[in-house]
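In terms of the working numbering, the sequence shown opens at residue 6 and continues consecutively.
Some notes on the structure that comes next.
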Amino acid sequence: MDWDDLRVFLAVARAESLSGAGKVLKLDPATVGRRVARLEEALGARLFAKSPQGYALTEAGQRVLAHAERAEGAMVAAAEEVQGAAGLTGQIRIGAPDGCANYLLPQVLARICEENPGLEMQIVALPRVFNLSKREADMAIGVSRPEAGRLRVQKLATYHLHLAASRDYLARHPPIRSLDDLRQHRLVGYIPDMIFDKELDYLTGLGSGSVPFASNSVSVQLNWLRAGAGVGIVHDFAMPSAPELVKVLTESLSLTRTFWLIRHQDDARMERLNRFAEALAQGIRREVLRLEGMTRPQIALD
């Protein structure tokens, strides 16, 4: 069995297509198909079932996948050991919810890259759960701790959220002195059927009814609030980027959530990713504390 064929097999398993794997490997789809066929012949088993949706792993393919991922991890770990620990290099892709991706990761990763000039970073800011087995990202940040899968999970930081609105909006609308007063105000929040994690369902329980201004993007919600559209939940660490906003009802409603760093279990042997994960965790904690600290002196309009 050729390790390079296993590498092709992994790419097809993750992309679920010959063309998708070819783009990653810089090979034409026909070559990818031949390599998969060669591996299947060597193993004496079909590894993929082709359908209109793409290439799906067979039962035999699922068994091979676990071994191929371990082999991949061993190859990467061996390369890292030979190259030494002088500095972090190469490309790392992180998947994250867009609140974290927009208001925390850019400055945290910029500092890490400044200390490691050979490091290249990619941030995938999508409001959904990432599939690490398909290598959509090298690691992901989530707001819920996963309970299933071959994953390694590390707590990054606890953060806080509060209701907020622009000064202009508050000056033009009835005062907000209690949660009941929210019934008289337009709310900004998530599109209900696009909330991908229960930890993001902030407004349920407020008895506020519909959300007139809704988006699956935290950044869109924040910009609506800045434009005076209504009242909504805002990350405390995002408040410094929106000086037009002030917190309201801070004594009545204060939410606490946690960011988790999620990695594939096999990556635990990769010293490069372990070192990066530790630098990321320290950076995220420092940045959350710094940004949240900037909002504490603010006088809330309760």
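Don't be surprised by glycine CBs; every beta carbon is placed ideally from N, CA and C.
Keep in mind the model is a prediction, meaning the values are calculated, not measured.
Backbone secondary structure at L306 - three-state DSSP = Caution is warranted here: a pLDDT of 44 is assigned to L306, below 50, making its placement in the model unreliable, and no coordinate value can be reported.
Which term fits P302, buried or exposed, when burial requires 16 or more other beta carbons within 10 angstroms of its beta carbon?
-> Interpretation of P302 is limited by its pLDDT of 49, a score under 50 that renders its predicted location unreliable; no figure is taken from the coordinates.
Classification of Q226 by the beta-carbon crowding that lies within 10 angstroms, buried from 16 upward | Of the residues assessed, Q226 falls on the buried side of the cut-off, its CB having 16 or more other CB atoms within 10 angstroms.
Inspect the beta-carbon positions of F218 and V253 and report whether they are closer than 8 Å.
-> Contact check for F218 against V253 fails: the beta carbons are separated by 8 Å or more.
If we call anything under 8 Å between Cβ atoms a contact, is H165 one with L260?
-> It is a contact, given that the beta carbons lie within the stated cut-off.
How far does the alpha helix (DSSP H) with Q159 in it reach, from first residue to last?
-> Taken as a continuous stretch (DSSP letters only), Q159 belongs to no alpha helix (DSSP H), being part of the beta strand (DSSP E) at 156-171.
Straight-line gap, I99 to L114 (C-alpha atoms, nearest Å) = About 10 Å.
From M275, A232, W265, D10, pick the residue whose C-alpha is nearest to that of G147; which is it?
-> For the set M275, A232, W265, D10, the Cα lying nearest the Cα of G147 is the one of W265.
Over what stretch of residues does the beta strand (DSSP E) that includes Q96 continue unbroken?
-> 95-101
Tell whether a beta-carbon distance below 8 Å holds between T63 and R51.
-> yes
Which class does Q287 belong to by DSSP, given the choice of helix, strand or coil?
-> helix
Out of K203, H240, A170, state which residue places its alpha-carbon closest to the alpha-carbon of A234.
-> A170
Looking at the structure shown, is M144 part of a helix, part of a strand, or coil, going by DSSP?
-> strand
Where does T63 fall in DSSP's three states?
-> Per DSSP, reduced to three states, the secondary structure at T63 is coil, with no helix or strand assignment.
Let me know if E283 comes out buried or exposed under the rule of 16 or more other beta-carbons within 10 Å of its beta-carbon.
-> exposed
With DSSP collapsed to three states, give me the class of H190.
-> coil
Kindly indicate the opening and closing residues of the beta strand (DSSP E) around L258.
-> According to the DSSP assignment, L258 belongs to no beta strand (DSSP E), since it is labelled neither H nor E.
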